[in-house]
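As they're listed, the protein sequences go chains A, B, C and D. Position one of the first sequence corresponds to residue 2 (this note's numbering), numbered consecutively onward. Position one of the second sequence corresponds to residue 2 (this note's numbering), numbered consecutively onward. Position one of the third sequence corresponds to residue 2 (this note's numbering), numbered consecutively onward. Position one of the fourth sequence corresponds to residue 2 (this note's numbering), numbered consecutively onward. Even glycine gets a Cβ: it sits at the ideal position worked out from N, Cα and C. In what follows, a structure is listed as structure tokens, so that the remarks can point back to it.
Protein chains: 4
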Amino acid sequence: MILACVLVLLGEVGYDALTYEEVARRAHASKATLYRRWATKGEMVVAAVAAGPASAATGAGDIDTGSIRGDLIALCRRLDTTMRSADGSLSLMLLRAGLEDPALCRHIEETTGPTGAKLPASVLDAAIRRGELPQGAQPFAYEEVAGSVLLLRRLNGLPAGPDYLTYLIDSTLLPALRASAGTDPPPRAIFG
Amino acid sequence: MILACVLVLLGEVGYDALTYEEVARRAHASKATLYRRWATKGEMVVAAVAAGPASAATGAGDIDTGSIRGDLIALCRRLDTTMRSADGSLSLMLLRAGLEDPALCRHIEETTGPTGAKLPASVLDAAIRRGELPQGAQPFAYEEVAGSVLLLRRLNGLPAGPDYLTYLIDSTLLPALRASAGTDPPPRAIFG
Amino acid sequence: MILACVLVLLGEVGYDALTYEEVARRAHASKATLYRRWATKGEMVVAAVAAGPASAATGAGDIDTGSIRGDLIALCRRLDTTMRSADGSLSLMLLRAGLEDPALCRHIEETTGPTGAKLPASVLDAAIRRGELPQGAQPFAYEEVAGSVLLLRRLNGLPAGPDYLTYLIDSTLLPALRASAGTDPPPRAIFG
Amino acid sequence: MILACVLVLLGEVGYDALTYEEVARRAHASKATLYRRWATKGEMVVAAVAAGPASAATGAGDIDTGSIRGDLIALCRRLDTTMRSADGSLSLMLLRAGLEDPALCRHIEETTGPTGAKLPASVLDAAIRRGELPQGAQPFAYEEVAGSVLLLRRLNGLPAGPDYLTYLIDSTLLPALRASAGTDPPPRAIFG
DNA sequence: TGCTAAGCGAGACGGTACGTCCCGTCTTTTA
DNA sequence: TAAAAGACGGGACGTACCGTCTCGCTTAGCA
Chain A
2 MILACVLVLL
12 GEVGYDALTY
22 EEVARRAHAS
32 KATLYRRWAT
42 KGEMVVAAVA
52 AGPASAATGA
62 GDIDTGSIRG
72 DLIALCRRLD
82 TTMRSADGSL
92 SLMLLRAGLE
102 DPALCRHIEE
112 TTGPTGAKLP
122 ASVLDAAIRR
132 GELPQGAQPF
142 AYEEVAGSVL
152 LLRRLNGLPA
162 GPDYLTYLID
172 STLLPALRAS
182 AGTDPPPRAI
192 FG
Chain B
2 MILACVLVLL
12 GEVGYDALTY
22 EEVARRAHAS
32 KATLYRRWAT
42 KGEMVVAAVA
52 AGPASAATGA
62 GDIDTGSIRG
72 DLIALCRRLD
82 TTMRSADGSL
92 SLMLLRAGLE
102 DPALCRHIEE
112 TTGPTGAKLP
122 ASVLDAAIRR
132 GELPQGAQPF
142 AYEEVAGSVL
152 LLRRLNGLPA
162 GPDYLTYLID
172 STLLPALRAS
182 AGTDPPPRAI
192 FG
Chain C
2 MILACVLVLL
12 GEVGYDALTY
22 EEVARRAHAS
32 KATLYRRWAT
42 KGEMVVAAVA
52 AGPASAATGA
62 GDIDTGSIRG
72 DLIALCRRLD
82 TTMRSADGSL
92 SLMLLRAGLE
102 DPALCRHIEE
112 TTGPTGAKLP
122 ASVLDAAIRR
132 GELPQGAQPF
142 AYEEVAGSVL
152 LLRRLNGLPA
162 GPDYLTYLID
172 STLLPALRAS
182 AGTDPPPRAI
192 FG
Chain D
2 MILACVLVLL
12 GEVGYDALTY
22 EEVARRAHAS
32 KATLYRRWAT
42 KGEMVVAAVA
52 AGPASAATGA
62 GDIDTGSIRG
72 DLIALCRRLD
82 TTMRSADGSL
92 SLMLLRAGLE
102 DPALCRHIEE
112 TTGPTGAKLP
122 ASVLDAAIRR
132 GELPQGAQPF
142 AYEEVAGSVL
152 LLRRLNGLPA
162 GPDYLTYLID
172 STLLPALRAS
182 AGTDPPPRAI
192 FG
């Protein structure tokens, strides 16, 4: 299958170095065929990723450390791990490549499983039950903010060590979560 | 000057389409010379941007709407504008290209003037004076979070309209700023 | 046609200064195409010469001065002329370039017409009829020796004036021709 | 010494692939210096060869097989060997490179020792004494003809085996030598 | 069952850019 | 103060892909 070769190549050489020529070579396909089906490299890659295997929910069980603060740390760690994984790198690659295909984002979102990008309802409910967060607390502060900040640090090659994470959580995420009881914002895009 | 040609070309065709060949052509320089000085396109571009004009503090005066909420909205607007401007596009371009040069980031930061990425001391002080923020409030929540979130939305091609901004400010930035009184986190990199 | 451009260029700038780049330019062909067809400059030039027009038997009629000595002088003159002509220069150029393609030699031989490199049967027969040469005289002494000697003098930039020619003929060619009645030697290559 | 490096390089890569750049590198000399002294590669190479060691008469003693025919065969063999040796290859290289420096030719001639290109007086005298050649026989037929023919065959990549040599000697050289008793022709150039 | 037509692989083609090497000229640095 | 060191504009090298194209060869589908 052609798209499988595309995925393999993506993994081997990255988006920029991926060429029609090599895809054709590997897939024993004609360049003409590739061009007939996908007018641009972007389209082809998107199709390949979209057609890719549902990448098996990467293990990971539920998170319940007993406190919302511990849960957030665990979630951020998981998110960071996801971003350093194959799937995450792939997403970063595509993001960096400037590919902004909503369908692709949705696909990644749906198939990647518990990435740490979502604030699981169980965690939120538990925190509310414990009285750490108010009734009606919204996950936005975590999902939008933590995702963006960590992703950008990764794109920038900046570290996101324990010190940074705890500061982020204590100074921003927790206060925001505690204060959240408004309406839903527009949906997030990549990684969640 | 060679680097000037690089900047012009960057503006005309973008990072990906910028070639040594064309730079040499425009600058009446030899490719060998270019390669002698900058081993990669990335290096060359970074040098060009770093050597670029201080890009004239983009006008914009101080911000003082009378409330911290109004000031934040104004700042976010300005930041979004910056990111859509030439300088901002350039930064995005470099970011997307995977260039992560701290020196470059600092340079952009220093030369771009009031981009909206920094929370001006005047704004912070005024809010504290008005009693909207506690003594010792830290700009981290704004500088790290607002910058990341808006930049990523831009990379993703997602909108950041008034509704979104107010939600972000009300649900996240303000609560976080009000709760901030700890120690400084690691410094931010791009756009701030 | 590409090879035509090669020939034109050969004539204009010579073998050493002939470049793939310029051939591609003139022929509106891609360098890749040239390299695909001919791995080396030599191959390309040989192909061009081999494909060249049969270069129109350069006029010149039969030779019959009434004596073998006169005929030989005339033949040597013609040979010298040939070597100074376009075709001859081309051959010299190729020779100097170290190109030793038997097919090419044969081609030149076949297409160049009466170059003076061959001892025409008519001349030989007439000399035998006149009694100047013995029955069964072989052209080797002329074809191999005169060709080599004159060609080498030309390569060396040495003159081959009337004095030299008559000395060569009287001291070497004629005695050798008169004594020749043996078997055939291996065939000659260039210019004959 | 710079010229020594030139010679070494000549031997290693040949004339065509010899560059000012590499000579400068090897000789720890500046390109400017080389250009100041020798305007062209040719000049430099000629100077190097001319300044080269007298290349020690390559062993080889006198030739005396008892007959002029045997002596000629031995001489031709030696000549062929010379042309395949380092010195000979060098000469061929220069010849092919189109260098026609009389001084250089003389130098090679003088320093190369008994190359087989000259017909030694001892051989000629012995043949005359034996009555094989007439009084006043001239070496021209050998020196000019054998040299040219063998050199050209070499340039053309054609063989010059025993059969060929005996034919050349019997059909041409010997008859010409026997008939030679005229005046001297213009001096030969390369190889004798 | 036989014939046509669409789709495919293979790969040639005119281009453009790559990164390297060398040219011949020139400054700059060192001794 | 001359020579080394080497930067410079220029340009060819041989390679890799680009996106377009023409070939034959399958391999259906329709007759």
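#### Entry: Touching by the beta-carbon criterion (3+ pairs, under 8 Å), the segment 42-51 of chain C and the segment 17-30 of chain C
By the C-beta criterion, the segment 42-51 of chain C is judged to be in contact with the segment 17-30 of chain C, since at least 3 inter-stretch pairs fall below 8 Å.
### Query
For A:Met-45, which three-state DSSP category applies?
Along the first sequence, read from residue 1 onward, the residue named residue 45 of chain A stands at position 44. DSSP places A:Met-45 in helix when its eight states are reduced to three.
### Query
Do the segment 4-12 of chain D and the segment 25-33 of chain D make contact, defined as three or more Cβ pairs closer than 8 Å?
With the cut-off at 8 Å, the segment 4-12 of chain D and the segment 25-33 of chain D touch.
### Task
Buried or exposed for D:Asp-17, please, with buried defined as at least 16 other CB atoms from any protein chain shown within 10 angstroms of its CB.
Counted from its first residue, the fourth sequence places residue 17 of chain D at position 16. Classification for D:Asp-17: exposed.
### Message
Against chain D, with Cβ distances strictly below 7 Å, would C:Ala-142 count as a contact?
### Response
As a position in the third sequence, residue 142 of chain C is number 141, starting the count at 1. Yes, contact with chain D.
### Query
Shorter than 7 Å from the beta carbon of C:Thr-173 to some beta carbon of chain D?
As a first step, residue 173 of chain C must be located in the third sequence, where it is residue number 172. Closer than 7 Å: yes.
### Task
Determine the direct distance from the alpha carbon of B:Ile-170 to that of B:Arg-130, and round the result to whole angstroms.
For this step, residue 130 of chain B is matched to residue 129 along the second sequence. For this step, residue 170 of chain B is matched to residue 169 along the second sequence. The alpha-carbon separation between B:Arg-130 and B:Ile-170 amounts to approximately 20 Å.
#### Entry: Nearest candidate by alpha-carbon position, reference C:Pro-121, set C:Ser-92, C:Ala-75, C:Leu-11
To locate residue 121 of chain C, count along the third sequence from 1; it is residue 120. Of the candidates C:Ser-92, C:Ala-75, C:Leu-11, the one whose C-alpha sits nearest the C-alpha of C:Pro-121 is C:Ala-75.
### Message
If you reduce the DSSP assignment to three classes, tell me which class B:Gly-71 lands in.
### Response
To locate residue 71 of chain B, count along the second sequence from 1; it is residue 70. Looking at B:Gly-71 - three-state DSSP - the assignment turns out to be helix.
### Task
Leaving aside the five residues before and after B:Ala-52 along the sequence, list all residues of the same chain whose C-beta is less than 6 Å from its C-beta, in chain order.
Locating residue 52 of chain B in the second sequence gives position 51, counting from the first residue. Cβ neighbours of B:Ala-52 beyond the five flanking positions: Leu-4.
### Query
Does B:Ser-92 have its Cβ less than 7 Å from a Cβ in chain A?
The residue labelled residue 92 of chain B in the question sits at position 91 within the second sequence. B:Ser-92 does not count as touching chain A.
### Query
Smallest Cα separation from C:Gly-15: which of C:Glu-144, C:Arg-38, C:Leu-95, C:Asp-65?
Reading the third sequence from its first residue, position 14 is the one you call residue 15 of chain C. That would be C:Leu-95, whose Cα lies nearest to the Cα of C:Gly-15.
### Task
For D:Gln-136, I'd like the list of residues in its chain whose CB is within less than 7 Å of its CB, leaving aside the five on either flank, ordered along the chain.
On the fourth sequence, position 135 is the one that residue 136 of chain D refers to. Excluding sequence neighbours, D:Gln-136 sits near Ile-129.
### Query
In or out: A:Glu-13 buried (at least 16 other Cβ within 10 Å) or exposed?
Reading the first sequence from its first residue, position 12 is the one you call residue 13 of chain A. Here A:Glu-13 is exposed: its Cβ has fewer than 16 other Cβ atoms, across all protein chains shown, within 10 Å.
### Message
Let me see if you follow: with CB-CB separation under 7 Å, is A:Ser-68 close to chain B or not?
### Response
Sequence index remark: in the first sequence, residue 68 of chain A carries index 67 (1-based). Taking a beta-carbon distance threshold of 7 Å, A:Ser-68 does not count as an interface residue toward chain B.
### Query
Can you list, in chain order, the residues of its chain whose CB lies under 8 Å from that of A:Tyr-36, leaving out five sequence neighbours each side?
Here residue 36 of chain A corresponds to residue number 35 of the first sequence, with the count starting at 1. Within the same chain, A:Tyr-36 has close Cβ partners Tyr-21.
### Query
Closest Cβ-Cβ distance between D:Ala-177 and chain C: below 7 Å?
Residue 177 of chain D sits at position 176 when you count from the first residue of the fourth sequence. Chain C, which has a Cβ nearer than 7 Å to the Cβ of D:Ala-177, makes this yes.
### Contacting positions in the segment 124-140 of chain C - beta carbon closer than 9 Å to chain D
Taking 9 Å as the cut-off between beta carbons, the residues of the segment 124-140 of chain C near chain D are Gln-139, in sequence order.
### Query
Rounded to the nearest angstrom, how far is the Cβ of A:Leu-174 from that of A:Ala-142, given a contact under 8 Å?
The sequence position of residue 174 of chain A within the first sequence is 173, counting from 1. The sequence position of residue 142 of chain A within the first sequence is 141, counting from 1. Contact flag correct, Cβ pair sits at about 6 Å.
### Message
My assumption, with CB atoms under 8 Å, is that A:Ser-172 sits in contact with B:Ser-172. Please give the rounded CB distance.
### Response
For the purposes of this step, residue 172 of chain A is taken as the residue at position 171 of the first sequence. For the purposes of this step, residue 172 of chain B is taken as the residue at position 171 of the second sequence. About 15 Å separates the two Cβ atoms, so there is no contact after all.
#### Entry: CB-CB length for B:Leu-152 against A:Leu-153, believed under 8 Å
Locating residue 152 of chain B in the second sequence gives position 151, where the first residue counts as 1. Locating residue 153 of chain A in the first sequence gives position 152, where the first residue counts as 1. The pair is a contact, with the Cβ atoms about 6 Å apart (cut-off 8 Å).
### Task
Give the DSSP-derived three-state secondary structure of C:Pro-135 in the structure shown.
Looking up residue 135 of chain C in the third sequence gives position 134. Three-state result, C:Pro-135: coil.
### Task
Find the residues of chain A that neighbour B:Glu-145, judging by a C-beta separation of less than 7 Å, and give them in chain order.
Your numbering for residue 145 of chain B matches position 144 in the second sequence. What B:Glu-145 touches in chain A: Val-150.
### Query
Taking Cβ positions only, does B:Ser-181 come closer than 7 Å to chain A?
Along the second sequence, read from residue 1 onward, the residue named residue 181 of chain B stands at position 180. Yes, B:Ser-181 counts as interfacial toward chain A.
### Task
If I'm right that C:Leu-73 touches C:Gly-148 with Cβ under 8 Å, what's the distance once you round it to whole angstroms?
Reading the third sequence from its first residue, position 72 is the one you call residue 73 of chain C. Reading the third sequence from its first residue, position 147 is the one you call residue 148 of chain C. With a contact defined as Cβ atoms closer than 8 Å, C:Leu-73 and C:Gly-148 miss out at about 13 Å.
### Query
First and last residue of the alpha helix (DSSP H) that includes C:Pro-160?
Taking the third sequence and counting its residues from 1, the one referred to as residue 160 of chain C is at position 159. Unbroken run through C:Pro-160: none, as it is neither H nor E.
### Query
Among the residues of its own chain, which have a CB less than 6 Å from the CB of B:Ala-161, if the five just before and after it don't count?
For the purposes of this step, residue 161 of chain B is taken as the residue at position 160 of the second sequence. Answer for B:Ala-161: Asp-81, Leu-151, Arg-154, listed in chain order.
### Task
Confirm, please, whether the CB-CB distance from C:Ala-177 to D:Arg-176 is below 7 Å.
Here residue 176 of chain D refers to the residue found at position 175 when the fourth sequence is read from its first residue. Here residue 177 of chain C refers to the residue found at position 176 when the third sequence is read from its first residue. The sequence shown places Pro at residue 176 of chain D, not Arg. In this structure, D:Pro-176 places its C-beta atom within 7 Å of the C-beta atom of C:Ala-177.
### Chain-ordered chain C contacts of D:Leu-153 [CB-CB under 7 Å]
Translated into positions along the fourth sequence, residue 153 of chain D becomes position 152. Here the neighbours are Ser-149, Leu-152, Leu-153.
### Query
Starting from D:Leu-4 and walking both ways along the alpha helix (DSSP H), at which residues does that stretch end?
Along the fourth sequence, read from residue 1 onward, the residue named residue 4 of chain D stands at position 3. Run containing D:Leu-4: 3-14, per the alpha helix (DSSP H) assignment.
### Message
Just to confirm the assignment, what range does the alpha helix (DSSP H) spanning C:Pro-176 have?
### Response
Counting from one through the third sequence, the residue named residue 176 of chain C turns up at place 175. Where C:Pro-176 is concerned, the enclosing alpha helix (DSSP H) starts and stops at 175-180.
### Task
Report the three-state DSSP secondary structure of C:Gly-148 (helix, strand or coil).
The sequence position of residue 148 of chain C within the third sequence is 147, counting from 1. Residue state, collapsed to three classes: helix.
#### Entry: Coarse secondary structure for C:Ser-90, derived from DSSP in three states
Residue numbering aside, residue 90 of chain C sits at position 89 when the third sequence is read from its first letter. Helix, per DSSP.
### Query
Using CA coordinates, which residue listed in C:Glu-144, C:Ile-69, C:Leu-91, C:Val-124 is at the minimum distance from C:Leu-11?
Translated into the one-based positions of the third sequence, residue 11 of chain C becomes position 10. Among C:Glu-144, C:Ile-69, C:Leu-91, C:Val-124, the Cα nearest to that of C:Leu-11 belongs to C:Leu-91.
### Query
For C:Met-84, which residues from the same chain have a beta carbon less than 8 Å from its beta carbon, with the 5 sequence-adjacent residues on both sides left out?
As a first step, residue 84 of chain C must be located in the third sequence, where it is residue number 83. Counting only Cβ-Cβ distances below 8 Å, and skipping sequence neighbours, we find Ser-90, Ser-92, Leu-93, Leu-151, Leu-152, Arg-155, Phe-192.
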